[in-house]
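Be aware that the sequence shown starts at 344, since it is given in my numbering, and climbs by one per residue.
Note that beta-carbon positions come from the ideal geometry of N, C-alpha and C, so glycine has one too.
Remember, predicted model here, so these are calculated numbers, not experimental data.
Working notes for the structure below.
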Amino acid sequence: MLLIATSYGAPHIESRVREHRLELYARHMAVTGDETESAATGDISAYQIHNPAPSLPQGVMMSGSPNSMHCPQQHTEEATRKREVRLLKNRDAAKECRRRKREYVRCLENRLSVLEVQNKKLLEELQYLKDIYSVKSS
């Protein structure tokens with residue numbers, strides 16, 4: 344569950360710690376564009392992983408612009424919001440689909456009962472006409 348804090352408190356601290364960890368992870372996994380060439384073999388290895396300065400103690404916030412600090416969190420919040428909206432729309436669409444299906448089945452059942460009654464009447468009429476024809480021919 345995602346907590347959005349509007350005042351300073353435990354959720355606010357947790358979000359800042361989460362931002363700090365995301366930033367450290369992003370810096371740790373940053374890939375440099377420098378290629379290294381092995382002198383012995385002459386082949387080019389993959390891009391080297393760049394490991395920046397050692398990590399700050401947990402809970403210590405790095406200085407930087409507020410926008411850069413909230414970007415991963417805003418992206419996560421936006422993705423979560425979009426997912427929730429999509430799930431809500433999907434739930435509503437599924438509910439509407441089930442309602443339409445029930446209505447369709449109800450209409451088919453009504454039509455079946457009407458056709459059964461009509462079929463019964465036609466069979467009775469046919470039998471009546473057969474009886475009349477057989478009486479006239481005898």
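If distances are taken between C-alpha atoms only, which option among GLU362, SER481 and SER477 comes closest to HIS418? GLU362
Starting from the N-terminal side, write out each stretch of the alpha helix (DSSP H) that is 4 residues or longer and does not extend beyond the segment 435-460. none
Short of 8 angstroms in beta carbon distance, which residues of its chain neighbour ALA437, apart from the five on each side in sequence? Order them along the chain. none
Helix, strand or coil for SER477 per DSSP? helix
So, PRO415 versus LEU451, is the Cβ gap smaller than 8 angstroms? no
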